[in-house]
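Enquirer: Protein chains in written order, with the numbering used here: chain G, 1 to 217; chain B, 218 to 706.
My questions will all concern the structure given below.
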Amino acid sequence: MANINIIDVVAVLMMITSFAVFGLRQYRHSIQAYALQTLLLVIIFLALYFKYGTHELLIWAGTAFVIKVLFVPLYLMSLVKKLGLVVEDEPVGGFFISPVVALSFSLAVAMMLYKVFIHFSLFQDVLPLYAASFIFMMGIFGFILRNSFLKQILSYCLFENGIHLSLALMAYSSHELVEIGILTDAIFAVLIMSVLAKRFYAAYGSLDTSKAVNLRG
Amino acid sequence: MDILVLILTVPFVFGVIMFCMPLHFKLLQSLHIVLSVAVSILLLSAVGKVVNGEELSIFHNYIFLDSLGAIFLSLIAITGLLVNVYATTYMKWELEDGHIDIKEVKNYFALSFIFTWTMSLSVVCNNIAFMWAAIEATTLASVFLVAVKKDKKSTESGYKYIVLCSIGLAFALYATILLFSAANGKIDGEAMLYTNLLANAANLDSVALKLVFIFALIGFGTKAGLAPTHTWLPDVHAEGPAPTSALLSGILLKCAMLGLIRYYAIVANGVGFDFVQTVMVVSGTLTLFISAFFLIRQHNVKRMFAYHSVAHMGVIAFGLGVGGAIGLFAALFHCAAHSFTKALAFCSTGNIARIYGTKDMTKMGGMIRIAPLTAVLFGIAICSLVGVPGFAIFVSEFLIFKAAAIGEQYLLMGIFAVALAIIFIADFSHFFLASFGKVEGEVVHNSEMKFSENFPLIALAILIVAFGIWQFDSFTFLLDESVKSIMKK
Chain G
1 MANINIIDVV
11 AVLMMITSFA
21 VFGLRQYRHS
31 IQAYALQTLL
41 LVIIFLALYF
51 KYGTHELLIW
61 AGTAFVIKVL
71 FVPLYLMSLV
81 KKLGLVVEDE
91 PVGGFFISPV
101 VALSFSLAVA
111 MMLYKVFIHF
121 SLFQDVLPLY
131 AASFIFMMGI
141 FGFILRNSFL
151 KQILSYCLFE
161 NGIHLSLALM
171 AYSSHELVEI
181 GILTDAIFAV
191 LIMSVLAKRF
201 YAAYGSLDTS
211 KAVNLRG
Chain B
218 MDILVLILTV
228 PFVFGVIMFC
238 MPLHFKLLQS
248 LHIVLSVAVS
258 ILLLSAVGKV
268 VNGEELSIFH
278 NYIFLDSLGA
288 IFLSLIAITG
298 LLVNVYATTY
308 MKWELEDGHI
318 DIKEVKNYFA
328 LSFIFTWTMS
338 LSVVCNNIAF
348 MWAAIEATTL
358 ASVFLVAVKK
368 DKKSTESGYK
378 YIVLCSIGLA
388 FALYATILLF
398 SAANGKIDGE
408 AMLYTNLLAN
418 AANLDSVALK
428 LVFIFALIGF
438 GTKAGLAPTH
448 TWLPDVHAEG
458 PAPTSALLSG
468 ILLKCAMLGL
478 IRYYAIVANG
488 VGFDFVQTVM
498 VVSGTLTLFI
508 SAFFLIRQHN
518 VKRMFAYHSV
528 AHMGVIAFGL
538 GVGGAIGLFA
548 ALFHCAAHSF
558 TKALAFCSTG
568 NIARIYGTKD
578 MTKMGGMIRI
588 APLTAVLFGI
598 AICSLVGVPG
608 FAIFVSEFLI
618 FKAAAIGEQY
628 LLMGIFAVAL
638 AIIFIADFSH
648 FFLASFGKVE
658 GEVVHNSEMK
668 FSENFPLIAL
678 AILIVAFGIW
688 QFDSFTFLLD
698 ESVKSIMKK
């Protein structure tokens with residue numbers, strides 16, 4: 001019972017941090033919020049490990065800690081420092097409207113999805129399942145609404161955290177290779193997007209992707 | 218060593234070898250051709266084993282090669298080889314014209330092996346999470362094949378490609394996790410394996426399966442170029458080098474389609490074919506008409522062919538939607554027919570861009586006099602793309618009509634006919650614009666390419682005609698077996 005409460009509390013904190021990753025204007029703060037969120041995800045992995053004793057979750061916690069709590073945030077911090085960036089570019093709809101839209105829609109979509117998930121989830125607690133869908137959707141809206149390329153990379157990381165939380169809750173007994181395969185892809189995706197972000201900055205003088213209008217769609 | 222282990226290692230090792238080579242074009246060119254031939258022989262020998270009835274499986278059945286995978290592996294082997302050989306010619310031109318430097322050429326050749334490796338991996342994965350990871354890896358491996366240059370347009374196309382495909386594939390990953398969790402504990406054996414999921418599909422929760430299919434359609438459909446999430450495709454295909462466009466359109470889109478077909482099979486056997494067919498008909502129709510609308514407005518030859526890729530993904534989706542054994546057969550046949558056709562189409566744009574120095578068809582004209590062979594090859598690609606009898610794509614489009622007629626789906630026949638008519642008119646008007654009449658713009662290279670340079674294109678053209686006229690028993694066997702495996706109910 002105590003474990004379930006911890007998971008509930010941590011899941012809510014993860015939702016709050018996902019809003020922070022999305023909404024904070026300073027890149028450094030946003031990256032720190034992402035690192036904190038991933039640490040919370042690791043805590044959920046560990047809590048589930050102590051609850052169910054599934055060995056795979058311990059391996060997930062270790063790899064997620066090294067890759068997503070340490071490596072990815074440090075790498076993104078160095079990118080921000082190298083490019084001399086401080087505050088993100090104006091998002092779609094402005095700094096105020098954009099988080100409101102993302103929050104409202106993410107809450108609404110999560111409300112629909114968790115009701116389906118709970119039918120076949122291994123973990124039968126509403127709040128963490130709700131949080132998993134919410135974090136995923138915040139990531140998707142981050143891509144759609146934020147113009148900064150770096151914020152879009154963080155949005156990728158965000159929905160990847162949402163998917164990992166879903167995986168831990170709904171299918172924690174899956175093979176550890178599955179988790180490692182997904183994480184490896186995530187690292188390469190972040191690295192390649194970062195290289196493109198550097199090129200983008202060199203070509204356009206900013207990370208504002210709304211300036212990318214040379215191609216016609 | 219097991220053939221599947223070789224498939225999973227050799228192309229990757231060749232990619233690393235290419236990265237380590239000195240910056241000498243002749244050496245890189247020769248090595249690229251030799252290693253590409255070696256990879257293709259390897260892939261085709263694996264396909265040959267499947268045709269001979271062998272069951273290939275390693276790592277506790279996590280990696281396998283079934284008839285469905287063998288169809289797509291043969292496309293990687295054949296189309297991939299011919300495009301890679303053409304790439305050496307295309308890169309030589311780019312190098313001579315100063316559009317690219319030798320280091321970028323080396324990286325291109327090396328990355329094309331890594332790309333082949335990821336695509337091969339995606340078709341031999343039995344584990345659905347590995348399959349997702351491999352399909353995502355195909356995006357990551359091909360980003361710098363698209364964004365070869367560092368200018369604004371190239372960077373923008375790379376950005377759009379990775380961002381949109383990554384968002385799309387996130388939905389596919391969600392579908393993967395949902396499917397696994399819905400199956401975990403409810404089916405016999407490992408719930409991550411496609412073969413187990415397919416065999417036990419009837420035991421799965423129908424609500425979960427429907428949601429899984431919608432997520433998979435958004436995810437793999439984005440990568441495959443199905444509307445409305447196709448928007449990355451015209452920019453990326455139009456901006457990348459001609460051989461990259463040929464690889465992306467000719468093979469990569471099909472790998473994503475294979476991912477969708479595997480989900481189609483599981484969900485169809487779980488909740489019945491009506492649901493998946495209805496969803497695919499809607500998706501196919503939407504894709505066909507959106508692409509037909511944009512196709513008419515295009516004057517950029519590569520952009521036109523890019524919208525064609527969208528249109529033909531719509532045809533495949535439509536075939537899956539019409540359903541039945543013939544509809545599925547047609548959809549799978551179309552994957553191969555489109556692969557050869559689109560590879561030829563995009564490679565011929567490489568020749569055309571060299572002749573006119575532009576991709577704008579309104580500034581072309583008179584190609585039949587300047588470069589008759591290129592004009593004929595271009596014409597063959599167009600004839601096949603619009604479904605002229607005697608060319609490969611006609612076979613699959615005719616079979617889709619036949620499947621619809623047998624199923625008495627006359628409305629679908631009408632919709633399909635209207636969409637194809639629009640594409641037909643758009644294509645031939647563009648073809649005549651470029652090939653006949655007087656030259657409207659500048660001619661940069663006023664002669665036909667050498668035979669050795671055109672050889673891969675000629676081979677593709679022969680394949681298109683051959684598949685339009687003959688029936689290859691081994692290929693038909695793979696198609697029949699695949700249809701049986703999907704329609705196991």
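The beta carbon of each residue, even a glycine, is placed where N, CA and C say it ideally should be.
Predicted model only: the values in this text are computed from it and were never measured.
On a Cα-Cα basis, can you pick out the residue from B:LEU221, B:GLY567 and B:VAL498 that is closest to GLU271 of chain B?
Expert: What you label residue 271 of chain B is simply residue 54 of the second sequence in a count that begins at 1. If we check each option's Cα against that of GLU271 of chain B, B:LEU221 comes out closest.
Enquirer: Show which residues of chain G have a CB atom less than 8 Å away from the CB atom of GLY375 of chain B.
Expert: Here residue 375 of chain B refers to the residue found at position 158 when the second sequence is read from its first residue. Per Cβ cutoff of 8 Å: LEU196 and ARG199.
Enquirer: Between which two residues does the alpha helix (DSSP H) harbouring PHE563 of chain B extend?
Expert: Locating residue 563 of chain B in the second sequence gives position 346, where the first residue counts as 1. Looking at the DSSP string, the run of the alpha helix (DSSP H) that includes PHE563 of chain B is 541-573.
Enquirer: Would you kindly check if the distance between the Cβ of ALA473 of chain B and the Cβ of PHE430 of chain B is under 8 Å?
Expert: For this step, residue 430 of chain B is matched to residue 213 along the second sequence. For this step, residue 473 of chain B is matched to residue 256 along the second sequence. Not a contact, by the Cβ cut-off of 8 Å.
Enquirer: Considering Cα atoms alone, identify which of B:LEU248, B:ASP644, B:TYR279 and B:LYS320 is closest to GLY766 of chain B.
Expert: Since the displayed chain B opens at 218 and closes at 706, residue 766 of chain B lies outside it and no answer follows.
Enquirer: What are the residues in the stretch 417-435 of chain B lying within 7 Å of chain G by C-beta distance?
Expert: Going along the stretch 417-435 of chain B in chain order, one finds ASP422, VAL424, ALA425 and LEU428 with a Cβ nearer than 7 Å to chain G.
Enquirer: Would you mind reading off the limits of the beta strand (DSSP E) that contains LEU273 of chain B?
Expert: Position 56 of the second sequence holds residue 273 of chain B. Residues 273-275.
Enquirer: What are the complete alpha helix (DSSP H) segments, minimum 4 residues, inside the stretch 7-62 of chain G?
Expert: Listed in chain order, they are 27-52.
Enquirer: Between which two residues does the beta strand (DSSP E) holding PHE281 of chain B run?
Expert: For the purposes of this step, residue 281 of chain B is taken as residue 64 along the second sequence, with counting starting at 1. 280-282 is the extent of the beta strand (DSSP E) around PHE281 of chain B.
Enquirer: Can you check whether the CB of THR558 of chain B is closer than 8 Å to the CB of ILE610 of chain B?
Expert: Position 393 of the second sequence holds residue 610 of chain B. Position 341 of the second sequence holds residue 558 of chain B. Going by C-beta atoms, ILE610 of chain B is nearer than 8 Å to THR558 of chain B.
Enquirer: Give the DSSP bridge partners of ASP577 of chain B, in chain order.
Expert: Counting from one through the second sequence, the residue named residue 577 of chain B turns up at place 360. DSSP, once it has assigned bridges, lists B:ASN517 as partnering ASP577 of chain B.
Enquirer: List the residues of chain G that MET409 of chain B touches, going by C-beta distances under 8 Å, in chain order.
Expert: Here residue 409 of chain B is taken as the residue at index 192 of the second sequence, counted from 1. Here the neighbours are SER174, HIS175 and VAL178.
Enquirer: Please state whether DSSP places ASP368 of chain B in a helix, a strand or coil.
Expert: Counted from its first residue, the second sequence places residue 368 of chain B at position 151. Looking at ASP368 of chain B - three-state DSSP - the assignment turns out to be coil, as it is neither helix nor strand.
Enquirer: Scan the stretch 362-390 of chain B for residues whose Cβ lies nearer than 8 Å to a Cβ of chain G and list them as they occur along the chain.
Expert: From the stretch 362-390 of chain B, only ALA364, LYS367, ASP368, LYS369, LYS370, THR372, GLU373, SER374, GLY375, TYR376, LYS377, ILE379, VAL380, SER383, ILE384, ALA387 and LEU390 have a Cβ closer than 8 Å to chain G.
Enquirer: Can you tell me whether ASN269 of chain B is helix, strand or coil according to DSSP?
Expert: Along the second sequence, one-based indexing puts residue 269 of chain B at 52. In the structure shown, ASN269 of chain B sits in coil (DSSP, three-state: anything other than H, G, I, E or B).
Enquirer: Among the candidates G:GLN124, G:ALA171 and G:GLU160, whose CA atom is the shortest distance from the CA of THR276 of chain G?
Expert: Outside the modelled stretch of chain G, which goes from 1 to 217, sits residue 276 of chain G, for which no answer is possible.
Enquirer: What are the start and end residues of each continuous alpha helix (DSSP H) run of 4 or more residues lying completely inside the stretch 625-667 of chain B, in chain order?
Expert: Counting whole runs of 4 or more residues, the stretch 625-667 of chain B contains the alpha helix (DSSP H) stretches 627-652.
Enquirer: May I ask you to verify whether the stretch 367-379 of chain B touches the stretch 447-457 of chain B, counting CB pairs closer than 8 Å and requiring at least 3?
Expert: The stretch 367-379 of chain B, when compared against the stretch 447-457 of chain B, does touch it at the 8 Å Cβ threshold.
Enquirer: Listed from N- to C-terminal order along the chain, which residues in the stretch 151-174 of chain G have their beta-carbon within a distance smaller than 7 Å of any beta-carbon of chain B?
Expert: Hits within the stretch, in order: GLN152, TYR156, PHE159, ILE163, SER166, LEU167, MET170, ALA171, SER173 and SER174.
Enquirer: Can you tell me whether SER78 of chain G is buried or exposed, with buried defined as 16 or more other CB within 10 angstroms of its CB?
Expert: Sequence index remark: in the first sequence, residue 78 of chain G carries index 78 (1-based). Looking at its Cβ environment, which holds fewer than 16 other Cβ atoms inside 10 Å, SER78 of chain G is exposed.
Enquirer: Indicate whether PHE330 of chain B and GLY457 of chain B have their beta-carbon atoms separated by less than 8 Å.
Expert: Here the question's residue 330 of chain B lines up with position 113 in the second sequence. Here the question's residue 457 of chain B lines up with position 240 in the second sequence. No; because the gap between Cβ atoms is not below 8 Å, this pair is not in contact.
Enquirer: Would you please verify whether the beta carbon of VAL593 of chain B is less than 8 Å from any beta carbon of chain G?
Expert: Position 376 of the second sequence, counted from the first residue, corresponds to residue 593 of chain B. It does not: the Cβ of VAL593 of chain B has no partner Cβ on chain G nearer than 8 Å.
Enquirer: Does DSSP put GLN688 of chain B in a helix, in a strand, or in coil?
Expert: In the second sequence, residue 688 of chain B corresponds to position 471, counting from 1. Looking at GLN688 of chain B - three-state DSSP - the assignment turns out to be coil, as it is neither helix nor strand.
Enquirer: MET348 of chain B and GLY476 of chain B: beta carbons closer than 8 Å?
Expert: One-based indexing of the second sequence puts residue 348 of chain B at position 131. One-based indexing of the second sequence puts residue 476 of chain B at position 259. Cβ distance < 8 Å, so MET348 of chain B and GLY476 of chain B count as in contact.
Enquirer: So within the stretch 118-147 of chain G, which uninterrupted alpha helix (DSSP H) runs reach at least 4 residues, ignoring any that extend past its ends?
Expert: The stretch 118-147 of chain G contains these whole alpha helix (DSSP H) runs: 126-145.
Enquirer: By the criterion of Cβ-Cβ separation under 9 Å, what are the contact partners of ILE44 of chain G in chain B?
Expert: Position 44 of the first sequence holds residue 44 of chain G. Those do not exist, as ILE44 of chain G stays about 15 Å from chain B at its closest Cβ, beyond 9 Å.
Enquirer: According to DSSP, is ASN344 of chain B part of a helix, a strand, or is it coil?
Expert: Position 127 of the second sequence, counted from the start, is the residue given in the question as residue 344 of chain B. Strand, per DSSP.
Enquirer: Go ahead and pull the three-state DSSP assignment for ASP452 of chain B.
Expert: Start at 1 with the first residue of the second sequence, and residue 452 of chain B comes out as number 235. Helix at ASP452 of chain B.
Enquirer: Among all the DSSP beta bridges, which residues are the ones paired with LEU410 of chain B?
Expert: The residue given as residue 410 of chain B occupies position 193 in the second sequence. Answer is B:ASN344.
Enquirer: Excluding the five sequence neighbours on either side, which residues of its own chain have a C-beta within less than 6 Å of the C-beta of MET308 of chain B, listed in chain order?
Expert: On the second sequence, position 91 is the one that residue 308 of chain B refers to. So the list reads VAL322, once near-sequence residues are dropped.
Enquirer: Mind the definition here: the stretch 61-68 of chain G touches the stretch 115-125 of chain G only if three or more C-beta pairs lie below 8 Å; say whether that holds.
Expert: Too few Cβ pairs lie closer than 8 Å, so no.
Enquirer: For THR495 of chain B, count the other beta carbons within 10 Å of its own beta carbon; 16 or more makes it buried, fewer makes it exposed. Which is it?
Expert: For the purposes of this step, residue 495 of chain B is taken as the residue at position 278 of the second sequence. Exposed, by the Cβ-count rule.
Enquirer: Looking at the C-beta of THR54 of chain G, does it have a partner C-beta in chain B at a distance below 8 Å?
Expert: Start at 1 with the first residue of the first sequence, and residue 54 of chain G comes out as number 54. Chain B, which has no Cβ nearer than 8 Å to the Cβ of THR54 of chain G, makes this no.
Enquirer: Pull the bridge partners of ASP208 of chain G from the DSSP assignment, please.
Expert: Residue mapping note: residue 208 of chain G aligns to position 208 of the first sequence, counting from 1. Answer by DSSP bridge pairing, in chain order: G:SER148.
Enquirer: At 8 Å on the CB atoms, spell out the chain B contacts of MET15 of chain G, in chain order.
Expert: Sequence index remark: in the first sequence, residue 15 of chain G carries index 15 (1-based). Under the 8 Å cutoff, chain B gives no residues; its nearest Cβ is about 17 Å from MET15 of chain G.
Enquirer: On the CB-based measure, 16 or more other CB atoms within 10 Å of its CB, does ILE92 of chain G come out buried or exposed?
Expert: Within the first sequence, the letter at position 92 stands for residue 92 of chain G. The question names Ile, yet the displayed sequence has Val at residue 92 of chain G. Exposed, because fewer than 16 other Cβ atoms sit within 10 Å of the Cβ of VAL92 of chain G.
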